[in-house]
Each structure stands twice: as C-alpha cells, then as structure tokens.
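Here the structure is laid out as structure tokens; the discussion comes afterwards.
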Amino acid sequence: MTGDDPIPDRDRLRAASVAHTRRAVQRAAIVTVGFFLAFVAVVFVTVDDMRSRDGALAVLVGLAILAVAALLGLGALRAQARNPALVPSADSGSRAAVELALRTGRTDDARIDALARESAQRTLRRPWQVWGLAFFVLLEGLVTVTQLISRDWWQALFFGVFTAGFAAQTARAVADLRRRRDYLRQRRPVDAADTAA
420 MTGDDPIPDR DRLRAASVAH TRRAVQRAAI VTVGFFLAFV AVVFVTVDDM
470 RSRDGALAVL VGLAILAVAA LLGLGALRAQ ARNPALVPSA DSGSRAAVEL
520 ALRTGRTDDA RIDALARESA QRTLRRPWQV WGLAFFVLLE GLVTVTQLIS
570 RDWWQALFFG VFTAGFAAQT ARAVADLRRR RDYLRQRRPV DAADTAA
C-alpha cells in the first residue's frame, strides 16, 4: 500500500481476515447441521401427528427458514472471502476503539477512523440482511399466530421464541445501520484538523 494509507497494516489484516473466514465457513456448516437436527427433533417431539396438515406445515416452514438462512449465510461468507473485512482481524484494542467510534460518532485517530469507515461502508452495502431478518420475523409471526389459532400452545411457544429473537435481532440491525450511516456523514479527523489549521 502507499505511504498515505491510514491503515499501514492493511495487508496483514486482510490475510488474517481470509484465514478467519475459512474457519467461519467450517463453524457455520457445523452450526447449520446442528440447528437442522435440533429443529427436526423438536418438531418430532411437539407435533402429535406428522401426517396432519399442521405437522407438515411446521416441518416445511422450519426447513424453508433453515434453507434461506443457510443460503444467506453462505452468500455472506462468499462475499467476505472476496473482499475481506479488516476490523475483525485487528487487535482487540483497535476493535474496541472502532466500536466506540461507531457508537459515539467520532474519533481523533486516523487509523481507527479509516477502519470504522471501512466497517460502516461494508455494513451499508448489505441492507439485504435487515430485509432477510424482517422476512423471518413476519414468517415466524405468521406461524406463531397459526399455532395460537389452532390452540397448539407448545408450537406457539416454540415459534414465538423464534419470532422474539428475530425481532430483537432486526431492531439491533436497524439501529446499527443508522449508527453507521451517521458515522459516514461525519468529517474525517484529518479534514477537521485541516479546517482548524
């Protein structure tokens, strides 16, 4: 990189991020299989008659959710492999400083600012993640209401917990997008110093 790069260790961070992504793919595959097996076990325990319409609906909805989640996860990991993020592979002090900068909206360190801007731009290029979470909230909410109407309390509780989890994650993702968008609107520390001089 050039001498003007505010992130002098950019190449090292990219290499570490690629290695981290490879490990994340392996962990994601294991977690996905685990979720699938847990879902199948819960459905078989809670659904009285798998040949009934409700049993088939529960299985199909669960499989659809797992399939969409797996596809979104694989897509995100492939994108990460093509263009590795720098912040996750930075040291813990830098990661904390970046999070603080994104939370407060400012930093005086040019390296932290560059890392925070890279992180914010990366997040803003993926609004589909929020839409995917919102889709899951609606889908799980619909299934929960269906189970409540049919008075299947255990299924309603099961899907209600998922609905609440997806709703909380969606709210967190929306707040994160807003915070990052606001950060990018702020002036860079170097720009502010040039203006003051």
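According to my numbering, the residues represented by the sequence shown are 420 to 616, in order. Even for Gly, the Cβ is constructed at its ideal location relative to N, Cα and C.
Item	Value
Buried versus exposed call for residue 559 [16 or more other C-beta atoms within 10 Å across all chains shown]	buried
Residue 426 and residue 543 closer than 8 Å at C-beta	no
Through-space distance from residue 423 to residue 518, alpha-carbon basis	24 Å
Complete runs of the alpha helix (DSSP H) confined to the segment 498-557 [at least 4 residues]	511-523 and 529-543
Alpha-carbon to alpha-carbon, residue 541 and residue 580	30 Å
Proximity of residue 503 and residue 598 at Cβ, strictly below 8 Å	no
Inter-residue spacing [alpha-carbon to alpha-carbon] between residue 606 and residue 555	36 Å
Neighbourhood of residue 437 by C-beta, 6 Å cutoff - its chain only, sequence neighbours within 5 removed	503
CB of residue 440 within 8 Å of CB of residue 485, strictly	no
Simplified DSSP state of residue 569, which is helix, strand or coil	coil
Contact set for residue 480: own chain, Cβ-Cβ below 6 Å, skip 5 residues either direction	562
Residue environment, residue 526, which counts as buried when at least 16 other CB atoms sit within 10 Å	buried
Alpha carbon of residue 568 to alpha carbon of residue 578, nearest angstrom	13 Å
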